[in-house]
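Residue numbers (the working numbering): 22 to 320.
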């Protein structure tokens, strides 16, 4: 499919083949690279309110559609977060970016961002994680419905069933979904829901979207094994939660993983922080991205 939604001023749409998969992104600006990784059920558009602010502050912004979403390809496999981290790394390499990247990930995109930083810490200057529970580091508790966890993880992870139930009802389901998880009225008007639904409509699009969830248990095993053998993230990490969603839980879960951790809670926001409260998010994001990446005295 092609991405026909309007682009922010100064941005262009590109498509390349990376890691064996067709990947689409919207790119713009010049300067230090910032990679923006969206969550489910979204595309690069999740960042549309923040992208102009980032380029105005001297960054080169790269906002891809993750594999299986938007205008990117929908391969049958490769949705584990380590493979997707390599998707993003190879994509950046094709743009001439081989390190010095700042990565901002929301929801599923935050899981990919974490995998990238875990696998290639020397290439990541700053890491921002927003509104997620990390596999192996808190997600399993968040998906445990017997302890008050959220139902949708098990539903989405079930083979074939969500596609069977939601095909043909994508707009209805996503209207409910955005209303359930957002806290700022008007963030997702009908026209925006329709745009999102167009990227997830039909059995194959739904299958590819849910494939991001069907690897979560394996993603958790990988993350736990890394942490249990002493793995930590050396770069500055900003953990962002919405006041009416994860709050401080993400930052709390990273306490032993990220020695240079900063936590922030976005007042009044639900799950979709980049769209519900973009100005408040930018107020936390921009100073963090511009701070020195290395402690004083290090080279």
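Ideal Cβ placement from N, Cα and C applies to all residues, glycine included.
- In this structure, residue 64 sits away from residue 203, with a CB-CB distance that is not shorter than 9 Å.
- DSSP places residue 294 within a helical segment (H, G or I) once states are collapsed to three.
- Residue range 122 to 127 is occupied by the beta strand (DSSP E) that includes residue 123.
- In the structure shown, the three-state DSSP call for residue 34 is strand.
- About 7 Å separates the CB atoms of residue 138 and residue 124; that is less than 8 Å, so the two are in contact.
- From the listed residues 166, 258, 55, 81, the smallest Cα separation to residue 31 is found for 81.
- Contact between the segment 157 to 170 and the segment 231 to 244 is present: three or more C-beta pairs spanning the two stretches fall below 8 Å.
- As computed with DSSP, residue 29 is found in no beta bridge at all.
- About 10 Å separates the CB atoms of residue 106 and residue 126; that is not less than 8 Å, and the two are not in contact.
- Residues of the same chain with a CB within less than 7 Å of the CB of residue 296, apart from the 5 flanking positions on each side, are 67, 70, 208 in chain order.
- For residue 284, the beta-bridge partners assigned by DSSP are 260.
- Here residue 61 is buried, its C-beta having at least 16 other C-beta atoms within 10 Å.
- In the structure shown, residue 234 adopts coil according to DSSP, grouped into three states.
- Taking the Cα of residue 277 as reference, the smallest distance to any Cα among 252, 143, 307 is reached at 252.
- Beta-bridge pairing by DSSP links residue 313 to no other residue.
- Rounded to whole angstroms, the gap between the alpha carbons of residue 143 and residue 195 is 38 Å.
- Excluding residues up to 5 positions away in sequence, 70, 71 lie with their Cβ nearer than 6 Å to the Cβ of residue 299 in the same chain.
- For residue 175, no beta strand (DSSP E) encloses it; the enclosing alpha helix (DSSP H) starts and ends at 173 to 178.
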